[in-house]
Amino acid sequence: QTKGVTGSELLKLLEKRLDNVVYRSGLATTRAHARQMVSHGAITVDGRKVNIPSYQVSLNQVIKCKVKPERAKVIQETYEKVKNTVAHDWLEVDAKQLSSTIKRLPEREDVNFPVEEQLIVELYSK
Numbered sequence: 010q011t012k013g014v015t016g017s018e019l020l021k022l023l024e025k026r027l028d029n030v031v032y033r034s035g036l037a038t039t040r041a042h043a044r045q046m047v048s049h050g051a052i053t054v055d056g057r058k059v060n061i062p063s064y065q066v067s068l069n070q071v072i073k074c075k076v077k078p079e080r081a082k083v084i085q086e087t088y089e090k091v092k093n094t095v096a097h098d099w100l101e102v103d104a105k106q107l108s109s110t111i112k113r114l115p116e117r118e119d120v121n122f123p124v125e126e127q128l129i130v131e132l133y134s135k
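Here the sequence shown is numbered in this note's numbering, starting from 10 and rising by one per residue.
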């Protein structure tokens, strides 16, 4: 049980998923691509391989993409394509190291897609 508004807490939990953080960092072009990268073991969290897309990241954790040198260029190009759209205050992205650090935990205001979370809560509370 967490304290706070249920809908906002749900969105925060979704935003802290590892596959979402990889996507938000610009290391993957889509959420499905990010999920596949995590599932295939291409992502480490604080130096440990994590292959669970629903893993919840914590404050100050370092998420790094560990790829073979021949694939690093592709990931770098992907980041270059999406770096202008990546503007999340809660993430610090290092393009050279293909890594990102959780500077602060995401808040409801950081979720930038239109959703009425209260309707979701009402649906599942029946």
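Backbone N, C-alpha and C fix where the C-beta goes; we use that ideal spot for every residue, glycine too.
Residue range of the alpha helix (DSSP H) that includes residue i
{"i": "K12", "result": "It is not in any alpha helix (DSSP H) - K12 carries neither H nor E in the DSSP assignment."}
{"i": "D28", "result": "27-34"}
{"i": "V130", "result": "126-133"}
Coil, strand or helix - residue i by DSSP
{"i": "L68", "result": "coil"}
{"i": "I84", "result": "helix"}
{"i": "I61", "result": "coil"}
{"i": "L20", "result": "helix"}
{"i": "E101", "result": "strand"}
{"i": "V47", "result": "helix"}
Buried or exposed by the 16-neighbour rule on C-beta atoms within 10 Å, applied to residue i
{"i": "N29", "result": "buried"}
{"i": "E131", "result": "exposed"}
{"i": "S48", "result": "exposed"}
{"i": "Y133", "result": "exposed"}
{"i": "A163", "result": "The shown model of the chain, from 10 to 135, leaves out residue 163, and the question about it has no answer."}
{"i": "G35", "result": "buried"}
- Task: Assess, as a yes-or-no matter, whether the region 55-68 is touched by the region 117-133 under the definition of 3 or more beta carbon pairs within less than 8 Å.
- Result: Verdict: no, contact absent.
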